[in-house]
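To keep things clear, I will list the structure first and then write my remarks on it.
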Amino acid sequence: MYDTSLVLGGKEFTSRLIVGTGKYASMETMREAHEAAGAEIITVAVRRVGLPSGESILDYIDTKRYTLLPNTAGCYTADEAIRTCYLAREAGLGDLVKLEVIGDQRTLFPDVMGLLEATSTLAREGFIVMPYTNDDPVMARKLQDAGAACVMPLGAPIGSGLGIRNPYNIKIILESVTVPVIVDAGVGTASDAAIAMELGCDGVLMNTAIAGAQDAVSMARAMKLAVEAGRLAYKAGRIGKKLYATASSPLEGLPDWTS
Amino acid sequence: MSVKITVNGKPMEVEPGLTIEGLLTLLNVKREYTAVAVNREVTRKTDYGTVRLSEGDKVEIVRPMGGG
């Protein structure tokens, strides 16, 4: 079936699965998982170099092949997040940023006030802003209006693996904005990713579900298939849900077994 | 006389007049995919050779790390 590309700030991507680089058992496993996921965009954090500096994570990511997506994880104010994006850009990581402004340490839920402020500033400064937000359709619209290239509502708390806790809100977000909607955070297994895509989401971003799986490479492949299957099912148009049965076989032409 | 600065949270004493370029060489830090901020302001790569570190400067040197 013909499908359109995922477009972020004018850049086109075929894969709708965005993966991370955190918490892998080894760099080699990470590299194999990226391959198995068929991802084109890979998130990275921006952190202090070790002194003396050891090997770089970029020794294991082909930057000609993958688009790097620096995040602002760990930033608790708009100011910190904005400065981190500038650092990322100066480091040569490009204009695409996964914007996180965290509001609470225990849940890692976003501080949407700070997020909106940072989105507005960074979009003005030419960044392609991908904000991690909560599953609030009103905030999604405000982020779009502030210049976000997409909105990335959480399915559930980061790293929780609880899946899509509020599919109805995700559905309303999809009706509320015209920019791509990418579920970011909360995915635990393949069916969660499929559900997000079946709802009509434009993509899924995940890290822990793959990196933390017992066999990360196999889970990466499962996620790739789930995202593709969910997308296909969405495009194919599912049947409506009904409470009672509807026979699949014709009622006419049944033999008469009465004696 | 040396100049006291902080690099990535650690105190350090360096020669007066040391540039960012000089600091990165001293610390043997790769330039590729690395960025530097001095006192919260991002320093452009093109300015590494001219920005000189002063007493009390807080330097942050960052690069991509694993994350999600």
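So the protein sequences, as listed, match chains Y and R. Heads up, the first sequence is in this note's numbering, so the first residue is -16 and it goes up one at a time. Heads up, the second sequence is in this note's numbering, so the first residue is 48 and it goes up one at a time. Here a beta-carbon is modelled for each residue, glycine too, at the ideal position from N, C-alpha and C. The structure displayed is predicted, hence computed values, not measured ones.
Looking only at DSSP bridge pairs, what is R/Glu107 linked to?
The count along the second sequence starts at 1 and reaches residue 107 of chain R at position 60. Note: R/Glu107 sits in a beta bridge opposite R/Ala84.
Leaving aside the five residues before and after Y/Val160 along the sequence, list all residues of the same chain whose C-beta is less than 7 Å from its C-beta, in chain order.
Indexing the first sequence from 1 puts residue 160 of chain Y at position 177. Excluding positions up to five away in sequence, the list reads Ala123, Arg124, Gln127 and Val134.
Under the assumption that R/Ile62 contacts Y/Arg31 (Cβ atoms under 8 Å), give the Cβ distance between them as a whole number of angstroms.
As a working note, residue 62 of chain R is residue 15 in the second sequence. As a working note, residue 31 of chain Y is residue 48 in the first sequence. For the record, residue 62 of chain R in the displayed sequence is Glu; it is not Ile. In fact, because the Cβ distance is near 23 Å, the residues do not count as touching under 8 Å.
When you compare only the Cα positions, how much space is there between Y/Val187 and Y/Asp239?
Along the first sequence, one-based indexing puts residue 187 of chain Y at 204. Along the first sequence, one-based indexing puts residue 239 of chain Y at 256. One C-alpha to the other measures close to 54 Å.
Y/Ile156 versus Y/Val27, Y/Gly171, Y/Gly138 and Y/Leu41, residue with shortest Cα-Cα distance:
Counting from 1 along the first sequence, the entry for residue 156 of chain Y is found at position 173. Ranking the options by Cα distance to Y/Ile156, first place goes to Y/Gly138.
By a C-beta neighbour count over all protein chains shown, 10 Å radius and 16 as the cutoff for buried, is R/Glu88 buried or exposed?
In the second sequence, residue 88 of chain R corresponds to position 41, counting from 1. R/Glu88 comes out exposed.
Inter-stretch contact at 8 Å, needing at least 3 Cβ pairs: the stretch 76 to 94 of chain R / the stretch 67 to 83 of chain Y
yes
Taking Cβ-Cβ distances below 9 Å as the criterion, which residues of the stretch 62 to 81 of chain R are in contact with chain Y?
Listed by position, the residues of the stretch 62 to 81 of chain R near chain Y (Cβ gap below 9 Å) are Leu74, Asn75, Val76, Lys77, Glu79, Tyr80 and Thr81.
Y/Gly142 beta carbon less than 8 Å from that of Y/Thr191:
To locate residue 191 of chain Y, count along the first sequence from 1; it is residue 208. To locate residue 142 of chain Y, count along the first sequence from 1; it is residue 159. Yes, the pair counts as a contact, with Cβ atoms nearer than the cut-off.
Short of 7 Å in beta carbon distance, which residues of its chain neighbour Y/Thr102, apart from the five on each side in sequence? Order them along the chain.
Counting from 1 along the first sequence, the entry for residue 102 of chain Y is found at position 119. These residues qualify, in order along the chain: Leu82, Val112, Pro114, Leu126, Ala129, Gly130 and Ala131.
Minimum Cβ-Cβ distance from R/Lys51 to chain Y less than 8 Å
If you number the second sequence from 1, residue 51 of chain R lands on position 4. Not closer than 8 Å to any Cβ of chain Y, the Cβ of R/Lys51 fails to qualify, so no.
Sheet register partners of Y/Asp167 (DSSP bridge):
Here residue 167 of chain Y refers to the residue found at position 184 when the first sequence is read from its first residue. Looking at the DSSP assignment, Y/Asp167 forms a beta bridge with Y/Leu188.
7 Å Cβ cut-off: residues of chain R touching Y/Ala37:
Walking along the first sequence from the start, residue 37 of chain Y turns up at place 54. Correcting the residue type first, residue 37 of chain Y is Gly in the shown sequence and not Ala. In chain order: nothing, as chain R lies at least about 11 Å away.
Does Y/Leu76 have its Cβ less than 8 Å from a Cβ in chain R?
One-based indexing of the first sequence puts residue 76 of chain Y at position 93. Taking Cβ atoms only, chain R reaches closer than 8 Å to Y/Leu76, which makes this a yes.
Please report the residue range of the beta strand (DSSP E) in which Y/Asp11 lies.
Walking along the first sequence from the start, residue 11 of chain Y turns up at place 28. Note that residue 11 of chain Y corresponds to Glu in the displayed sequence, not to Asp. Careful: Y/Glu11 lies outside any beta strand (DSSP E), inside the alpha helix (DSSP H) at Met10 to Ala20.
Coil, strand or helix - Y/Pro150 by DSSP:
For the purposes of this step, residue 150 of chain Y is taken as the residue at position 167 of the first sequence. Reduced to three states, the DSSP call for Y/Pro150 is helix.
How big is the Cα-Cα spacing for Y/Met189 and Y/Gly144?
Within the first sequence, residue 189 of chain Y is the residue found at index 206, counting from 1. Within the first sequence, residue 144 of chain Y is the residue found at index 161, counting from 1. Rounded to whole angstroms, Y/Met189 to Y/Gly144 spans 10 Å at the Cα level.
Check whether chain Y comes within 8 Å of R/Gly96, counting only Cβ atoms and requiring the distance to be less than that.
If you number the second sequence from 1, residue 96 of chain R lands on position 49. Chain Y, which has no Cβ nearer than 8 Å to the Cβ of R/Gly96, makes this no.
Whole-number beta carbon distance between R/Arg99 and R/Gly66, since they are thought to touch under 8 Å
As a working mapping, residue 66 of chain R is identified with position 19 in the second sequence. As a working mapping, residue 99 of chain R is identified with position 52 in the second sequence. In the sequence under discussion, the amino acid at residue 66 of chain R is Thr, which differs from the Gly named in the question. R/Thr66 to R/Arg99, Cβ: 6 Å. Contact.
According to the neighbour-count rule (16 or more other Cβ atoms, all chains shown, within 10 Å of its Cβ), is R/Met48 buried or exposed?
By one-based count along the second sequence, residue 48 of chain R stands at place 1. That one is exposed.
Comparing alpha-carbon positions, which option in Y/Cys68, Y/Leu34, Y/Leu(-9) and Y/Tyr43 lies nearest Y/Tyr7?
Within the first sequence, numbered from 1, the residue matching residue 7 of chain Y stands at position 24. The shortest C-alpha separation from Y/Tyr7 is found at Y/Tyr43.
Go through its chain and collect everything with a Cβ distance to R/Thr97's Cβ below 8 Å, but skip five positions before and after it.
To locate residue 97 of chain R, count along the second sequence from 1; it is residue 50. Around R/Thr97, the same chain offers Thr66 as residues with beta carbons nearer than 8 Å, after the five sequence neighbours per side are excluded.
Applying a beta-carbon distance threshold of less than 7 Å, which residues of chain R neighbour Y/Tyr59?
For this step, residue 59 of chain Y is matched to residue 76 along the first sequence. Chain R residues near Y/Tyr59: none, gap ~15 Å exceeds 7 Å.
Measure from the C-beta of R/Pro111 to each C-beta in chain Y and report whether the shortest distance is under 8 Å.
The count along the second sequence starts at 1 and reaches residue 111 of chain R at position 64. Residue-level contact by beta carbon holds for R/Pro111 and chain Y, with a gap shorter than 8 Å.
When the distance is taken between beta carbons, is Y/Val200 closer than 8 Å to Y/Glu23?
Locating residue 23 of chain Y in the first sequence gives position 40, counting from the first residue. Locating residue 200 of chain Y in the first sequence gives position 217, counting from the first residue. No, the pair does not count as a contact, with Cβ atoms beyond the cut-off.
Please tell me whether R/Gly113 and Y/Thr4 are closer than 8 Å, where the distance is taken between their beta carbons.
Your numbering for residue 113 of chain R matches position 66 in the second sequence. Your numbering for residue 4 of chain Y matches position 21 in the first sequence. For R/Gly113 and Y/Thr4, yes; Cβs fall inside 8 Å.
Would you mind giving the Cβ-Cβ distance between Y/Ser(-2) and Y/Gly21, rounded to the nearest angstrom? I have them listed as a contact below 8 Å.
Taking the first sequence and counting its residues from 1, the one referred to as residue -2 of chain Y is at position 15. Taking the first sequence and counting its residues from 1, the one referred to as residue 21 of chain Y is at position 38. About 5 Å; that satisfies the 8 Å criterion.
Name, please, each residue of chain R whose Cβ falls closer than 7 Å to the Cβ of Y/Thr191.
The residue labelled residue 191 of chain Y in the question sits at position 208 within the first sequence. In chain order: Gly115.
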